[in-house]
Every structure is written in C-alpha cells, then in structure tokens.
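*Asks:*
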Amino acid sequence: MANTTIDPRLPDRAARASCCFMGLGQFAVLKQRVRGTLLMMFEAYIIIDILLGLLDIYIPGDAYDSLYYEGGNIIMRMLNGILFFFMDFVNVVFCNNTIIDGIKGLVTLGDPHPELPVNERDHSIFMMINGLVVIIVLAIFAYLYVNSVFAARKDGNRILEKGKFPSAKETRNDLSQNAFPTLGVAPAVVMMLFFTVVPLLFAALIAFTNYSSPDHIPPNNLVDWVGFENFRTMFSSSSGTGGGEWLYAFGNVAGWTLTWAVFATFTCFFVGFFFSVVLLDKRIRLPQVYRTIFILPYAIPQMLSLFVWANLLNGTLGPINVMLQNIGFPAVPWLSDPKMAKVTLILVNIWIGFPYSMILTTSSMTAISNSLYEAAEIDGASKWMQFKSITFPLVMYQLKPTLIMQFAGNINSFGAIFFLTGGGPSLKMGSGTDVLNLSIATQAGATDNLITWIYKLTMNSNQYCIASVLSILVFVVLVPFGLYNFMRTKSFKEGEI
13 MANTTIDPRL
23 PDRAARASCC
33 FMGLGQFAVL
43 KQRVRGTLLM
53 MFEAYIIIDI
63 LLGLLDIYIP
73 GDAYDSLYYE
83 GGNIIMRMLN
93 GILFFFMDFV
103 NVVFCNNTII
113 DGIKGLVTLG
123 DPHPELPVNE
133 RDHSIFMMIN
143 GLVVIIVLAI
153 FAYLYVNSVF
163 AARKDGNRIL
173 EKGKFPSAKE
183 TRNDLSQNAF
193 PTLGVAPAVV
203 MMLFFTVVPL
213 LFAALIAFTN
223 YSSPDHIPPN
233 NLVDWVGFEN
243 FRTMFSSSSG
253 TGGGEWLYAF
263 GNVAGWTLTW
273 AVFATFTCFF
283 VGFFFSVVLL
293 DKRIRLPQVY
303 RTIFILPYAI
313 PQMLSLFVWA
323 NLLNGTLGPI
333 NVMLQNIGFP
343 AVPWLSDPKM
353 AKVTLILVNI
363 WIGFPYSMIL
373 TTSSMTAISN
383 SLYEAAEIDG
393 ASKWMQFKSI
403 TFPLVMYQLK
413 PTLIMQFAGN
423 INSFGAIFFL
433 TGGGPSLKMG
443 SGTDVLNLSI
453 ATQAGATDNL
463 ITWIYKLTMN
473 SNQYCIASVL
483 SILVFVVLVP
493 FGLYNFMRTK
503 SFKEGEI
C-alpha cells in the first residue's frame, strides 16, 4: 500500500545530504542521530586538521603567540583558545603532525637543517611512515564517505517501504543484528591496514629512494626520491656505473634461489614420501620406533642442527674431513668450494626437512580407504601399480597445495643457508688476474639466496634501497606464480580448500 506520510524523495534527500557532509543525511533526514553524529565528527576532525595544517604553512611560527596574546578583545582570545585546543588535540593524535604535514613529509622527505642538532633535524624515514599513515586514514575516510551516501539511500528506501521511521528499539535491534559483523571485523581490518599494508608500502617505497650508507642515513642526512635509479643500477650491464657487478650478482643469486627452491622442495618431499611408503609396509617390524628416530632431526631446533653441521663439515678441523684424511682420502671442501657448498646445502636440508614431509604423507596415506587396495588386489594389480594408480595420485591431490606453499617458503628460506654457509664462499666475477670479489662489492655470496642477500645488504652495508628492489622482485615473481599454481590444483577447483 502506498504511503502518504513519508516523503517519496526521502532516499534522494538523504543521499544528497550525506554527499554534502558525511553523516548529515543520517542525522538530519533519516533521524539516525548516533550514527550521523559519529560520521559528522569524523569529517569535522579531518577538515579541522587540514585547516590547521594550512594555517601552520601560511602563518609564521612566531605569529601564533601574537594571535593569542595580542588577539584584542576577550571574544577573539576565546576563539583563539579553541583553535589552539584543536591544534593540540590533532598534534597528540598524529604525533605532532597534521594531515598536511604528513602529506608534505611524504612528498619532500624533509628539509635540510644543518644548523640544528642532529636529534632535532627532519627524519626522512619517520616522515615517510607518517605520510603513509595519513594516506591510510584518508583512504578510510574516503571509503566511509562514499559508503555513507549509498547507505543513506538504502536506509531511505527501507523507511519508504515500511512507511515509518524506525523506533529507538527497532534501531537498537537493527544495530545488534546488522552492525555486529561490521564492528567485529573492523578492528582486524584496521590493524591489517596499519600493521600489514603500511609496512608493505613502506618497504616498496624505499626502492625509489637513495636510503643507503654512508651519505643518506637520517637524521644526519636526508633521504631523497630517485625514481627508478636503483632498478637501473640493478639491471644495468655497464660496469662503469657499478651496474654490471649488481646484474651479475643478481643473476647468480636469482638462479641459485630457484635451483635451491626446486631441489629443497622436491628432495625433502619425495624422500619423506619414500620413508612413509616403506614404514607403512606390513613387513616392517616396529615402524613406530623407526618413525620416531626419523622425526628427531625435525624435532631438534634447526639453528642448533645447522651449527653442528657447520662444525662437522669444517674444511680443516671438521671431524668428517679429519676422519677422511686418517683413512687416506683428501679433505673435501664441503663449504669452501661454491659448487660443493651448494650440494652440501641440499643434502643437509634433506636431513632436516624430510621428517616433515614424512609426517604429511603418512597422514595422507593412512586416510586412503583400504577397500581401494583390496579391489586392486582382486584385479591383479601389483604393489607398484597400486602405488602408481592409487597412492600417489590421492596423496598428490591432497598435498599439492602444501607442496606449492613449501616451494614458496623455500624461495624465502633463510636459516638453512645463513646458519650453515653464511652465504659463502665468496662470489667472484671475471677470470685470470681480472677478478672482482662481489662479496665485497655487492655483499652477495656464492650460496646466498635472495633473502639472505637482502639480509646482508641491510645489516652489513645498510644498502636499504637495493634490498628493497630485491624484495619487490621477489614479491612480483613469487605471488603470481604461487596464486596461479595454487588455483590450478584440483583441491582448490573442487572446493576442498
């Protein structure tokens, strides 16, 4: 039945009012006082903050005192007092920075003030972080602004359909039913924005600056925007600019990273798979004992195991080489020869990593119904045929996503390489007498992967901008690859994940 008491233009009026000022449609048109007040207060705060930032730019610093103390009559002084109260409130919330200050700091990264003490100078990195926080706050404000317009129209249509404004009780019930999911998720979303998105954006923006030692480490010196200069340095083939060394180092480290990820993933998986099959054979006695022994390398802290292996494989005093020399064999350069060090890394990683794969494949195999094997035996299938046609496909169906995640994790592997070889031995470029030690020029070692190289660039030489370039490259390659392969698995397509 048509309603004659409610203005049919209510949805449009509410949407237009909220479009003019966030929350105005809810407060004045839809009579949603609490919601409208909160939204209007948020926009008022943003506007006041921006105005105070503009005042800070266009009014000299000493003029504030004259505005307050020489403001004329009592009314002007009261107005100035209210203005300064809001300025202090904004400064507390934004750590002595307004929105304008945050955006300005993000754009300029500070102004040089050599006359000031070091601890009072502009800090480019803090200014960048403050600017990113301001951008996130403005993004939240923009989302709420747009959402308030659409919500006003939607609520107006609902009121028009019911033919009356909701009572206070109905409003409370509606909030308890519909607003609870939003209120429950909102803190997690806000925390994700500030503790995940902001650090990711910060790490990416560093690649477009000259944040590096020795000349651009704040607060002694400012950091500047340099565009794609760091990318040109990384991929330049001209050795005159230092780019040839970086490109050679990047090629070697990236190639080894992929090789390491492939071998570390598949060797551990299939060795663990092999032991799972063997220990599930009915002819093996006391499989629980063997399984417990095999799990021990995984149970021992990885860092401790790697330090033990590093001492065992020491080239001169290591017990393994001492034993080989005692029986007449030459010492093996386990960790000092680049090729041998890579092979050693893969072998030690198998020892550390296969128990985890053994646990996963064992649990997957025990979930397979025995009726499948019984039917296969009736059909005359051999053990090999049962494994090839039943066990292997079903295990891979369940564990393929896990295998992809392990591959991505091995690209980002740090401990296995860093604690065993430290990225060494040295990576060298050239031949004969014209040899350049890239471990000095670029911090890259022969067994470094991208993650250990990034660590050494940041911790050993403070080359944060180059490390950020490498981080972006890892992200750009790894995320599309992981998502593409993950979504192509049968488990994902059939909704098992």
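In this note's numbering, the protein residues as written are 13 to 509. Using N, Cα and C, we set each Cβ at its ideal position, and we do this for glycine too.
When we look at the beta-carbon of PRO23 and count the other beta-carbons within 10 Å, is it buried (16 or more) or exposed?
*Replies:* In the sequence shown, counting from the first residue as 1, residue 23 sits at position 11. Buried is the call here.
*Asks:* Tell me the DSSP bridge mates of CYS457?
*Replies:* Along the sequence shown, read from residue 1 onward, the residue named residue 457 stands at position 445. In the sequence as displayed, the identity of residue 457 is Gly instead of Cys. According to DSSP, which records beta bridges pairwise, GLY457 is partnered with SER438.
*Asks:* Could you pull the DSSP bridge partners for LEU213 from this structure?
*Replies:* Along the sequence shown, one-based indexing puts residue 213 at 201. DSSP lists no partner for LEU213.
*Asks:* Can you check the segment 313-391 for any alpha helix (DSSP H) of at least 4 residues that lies completely inside it and give the ranges in chain order?
*Replies:* Listed in chain order, they are 314-324, 331-338, 350-378 and 382-390.
*Asks:* Comparing alpha-carbon positions, which option in ASN497, PHE399 and TRP321 lies nearest TRP363?
*Replies:* In the sequence shown, the residue the question calls residue 363 occupies position 351. Looking at the Cα atoms, TRP321 is the closest of the given residues.
*Asks:* What did DSSP end up calling THR221 once you bin it into helix, strand or coil?
*Replies:* Position 209 of the sequence shown, counting from 1, holds the residue named residue 221. In the structure shown, THR221 sits in a strand (DSSP, three-state: E or B).
*Asks:* Do GLU241 and the ligand MN come close, with the Cβ less than 6 angstroms from some heavy atom?
*Replies:* The ligand content of the structure shown is nil, which means the ligand MN is not present either.
*Asks:* Taking all protein chains shown into account, do 16 or more other C-beta atoms lie within 10 angstroms of the C-beta of GLU475, making it buried, or fewer, making it exposed?
*Replies:* On the sequence shown, residue 475 is found 463 positions in, with the first residue counted as 1. In the sequence on display, residue 475 carries Gln and not Glu. By the 10 Å Cβ count, GLN475 comes out buried.
*Asks:* Going by other Cβ atoms of all chains shown within 10 Å of its Cβ, with 16 needed for buried, is MET397 buried or exposed?
*Replies:* Along the sequence shown, read from residue 1 onward, the residue named residue 397 stands at position 385. Result: exposed.
*Asks:* Using the Cβ count rule (16 or more neighbours within 10 Å means buried), how would you classify SER136?
*Replies:* Locating residue 136 in the sequence shown gives position 124, counting from the first residue. Per the 10 Å Cβ criterion, buried.
*Asks:* Looking only at DSSP bridge pairs, what is ASN449 linked to?
*Replies:* For the purposes of this step, residue 449 is identified with residue 437 of the sequence shown, where counting begins at 1. ASN449 pairs with LYS440.
*Asks:* So the alpha helix (DSSP H) LYS43 belongs to, where does it begin and stop?
*Replies:* Within the sequence shown, the letter at position 31 stands for residue 43. Run containing LYS43: none; DSSP gives neither H nor E here.
*Asks:* At the level of alpha carbons, what is the spacing between VAL130 and ILE229?
*Replies:* The residue labelled residue 130 in the question sits at position 118 within the sequence shown. The residue labelled residue 229 in the question sits at position 217 within the sequence shown. Spanning the two alpha carbons is a distance of roughly 12 angstroms.
*Asks:* May I have the straight-line CA-CA distance separating ASN382 from ARG297, to the nearest angstrom?
*Replies:* Position 370 of the sequence shown, counted from the first residue, corresponds to residue 382. Position 285 of the sequence shown, counted from the first residue, corresponds to residue 297. Approximately 20 angstroms, taken between the alpha carbons.
*Asks:* Which partner residues does HIS228 have in the DSSP bridge list?
*Replies:* Counting from 1 along the sequence shown, the entry for residue 228 is found at position 216. DSSP lists SER224 as partners of HIS228.
*Asks:* Is the separation between the beta-carbon of PHE431 and that of MET315 shorter than 7 angstroms?
*Replies:* Along the sequence shown, one-based indexing puts residue 431 at 419. Along the sequence shown, one-based indexing puts residue 315 at 303. Their beta carbons are under 7 angstroms apart, which means PHE431 touches MET315 by this criterion.
*Asks:* State the Cα-Cα distance for the pair VAL283 and LEU217, rounded to the nearest angstrom.
*Replies:* For the purposes of this step, residue 283 is taken as the residue at position 271 of the sequence shown. For the purposes of this step, residue 217 is taken as the residue at position 205 of the sequence shown. Rounded to the nearest angstrom, the two C-alpha atoms are 42 angstroms apart.
*Asks:* If you compare alpha carbons, which of VAL146, SER160, PRO367 and LYS116 is closest to ARG47?
*Replies:* Sequence index remark: in the sequence shown, residue 47 carries index 35 (1-based). That would be SER160, whose Cα lies nearest to the Cα of ARG47.
*Asks:* Looking only at its chain, what residues have a beta carbon closer than 6 angstroms to the beta carbon of VAL486, apart from the 5 residues adjacent to it on each side?
*Replies:* Taking the first residue of the sequence shown as 1, we reach residue 486 at position 474. The residues are LEU462.
*Asks:* In the DSSP assignment, find the unbroken alpha helix (DSSP H) run with GLN300 in it and report its ends.
*Replies:* On the sequence shown, position 288 is the one that residue 300 refers to. Note, GLN300: alpha helix (DSSP H), 299-311.
*Asks:* Alpha carbon to alpha carbon, how far is MET370 from PHE286? Give it in angstroms, no decimals.
*Replies:* Locating residue 286 in the sequence shown gives position 274, where the first residue counts as 1. Locating residue 370 in the sequence shown gives position 358, where the first residue counts as 1. When rounded, the distance between both Cα atoms is 8 angstroms.
*Asks:* Could you name the residues of the same chain whose beta carbon sits closer than 6 angstroms to that of PRO299, not counting the 5 residues immediately before and after it, in chain order?
*Replies:* Position 287 of the sequence shown, counted from the first residue, corresponds to residue 299. Excluding positions up to five away in sequence, the list reads LEU291.
*Asks:* Spatial neighbours of GLY330 within its chain, please: C-beta separation below 7 angstroms, excluding the five flanking residues on both sides.
*Replies:* Position 318 of the sequence shown, counted from the first residue, corresponds to residue 330. Around GLY330: ASN323 and LEU324.
*Asks:* Counting C-beta neighbours from all protein chains within 10 Å, is the total for ALA273 16 or more, i.e. buried, or is it exposed?
*Replies:* Residue mapping note: residue 273 aligns to position 261 of the sequence shown, counting from 1. Classification of ALA273: buried, given that the 10 Å Cβ count is 16 or more.
*Asks:* In the DSSP output, which residue or residues are listed as bridge partners for TRP272?
*Replies:* Position 260 of the sequence shown, counted from the start, is the residue given in the question as residue 272. DSSP lists no partner for TRP272.
*Asks:* Between the C-alpha atoms of ARG303 and MET139, what's the straight-line distance to the nearest angstrom?
*Replies:* Mapped onto the sequence shown, residue 303 falls at position 291. Mapped onto the sequence shown, residue 139 falls at position 127. Whole-angstrom Cα-Cα distance: 55 angstroms.
*Asks:* Would you mind reading off the limits of the alpha helix (DSSP H) that contains PRO193?
*Replies:* By one-based count along the sequence shown, residue 193 stands at place 181. PRO193 -> alpha helix (DSSP H) spans 192-204.
*Asks:* Alpha carbon to alpha carbon, what distance is there between PHE54 and PHE153?
*Replies:* Position 141 of the sequence shown, counting from 1, holds the residue named residue 153. Position 42 of the sequence shown, counting from 1, holds the residue named residue 54. So the alpha carbons of these two residues sit roughly 8 angstroms apart.
*Asks:* I believe ALA151 touches ILE484 by the beta-carbon criterion, under 8 angstroms. Please report the beta-carbon distance rounded to the nearest angstrom.
*Replies:* Translated into the one-based positions of the sequence shown, residue 151 becomes position 139. Translated into the one-based positions of the sequence shown, residue 484 becomes position 472. The pair is not a contact, with the Cβ atoms about 21 angstroms apart (cut-off 8 angstroms).
*Asks:* State yes or no: is the C-beta of ALA180 within less than 7 angstroms of the C-beta of GLY37?
*Replies:* Indexing the sequence shown from 1 puts residue 180 at position 168. Indexing the sequence shown from 1 puts residue 37 at position 25. Contact: no.
*Asks:* Keeping to the same chain, check which residues put their C-beta closer than 8 angstroms to that of PRO211; ignore five residues upstream and five downstream.
*Replies:* Within the sequence shown, the letter at position 199 stands for residue 211. Once the five neighbours on either side are set aside, PRO211 has no close Cβ partner at all.
*Asks:* Under 7 angstroms, do ASN222 and CYS477 count as touching if we go by C-beta distance?
*Replies:* Here residue 222 refers to the residue found at position 210 of the sequence shown. Here residue 477 refers to the residue found at position 465 of the sequence shown. Against a cut-off of 7 angstroms, the Cβ pair of CYS477 and ASN222 comes out as a contact.
*Asks:* Could you tell me the distance, in whole angstroms, from the CA atom of SER401 to the CA atom of SER348?
*Replies:* Taking the first residue of the sequence shown as 1, we reach residue 401 at position 389. Taking the first residue of the sequence shown as 1, we reach residue 348 at position 336. When rounded, the distance between both Cα atoms is 45 angstroms.
*Asks:* Indicate whether the contact test is met: 3 or more Cβ pairs, each with one atom in the segment 407-426 and one in the segment 440-451, closer than 8 angstroms.
*Replies:* The segment 407-426 is not in contact with the segment 440-451.
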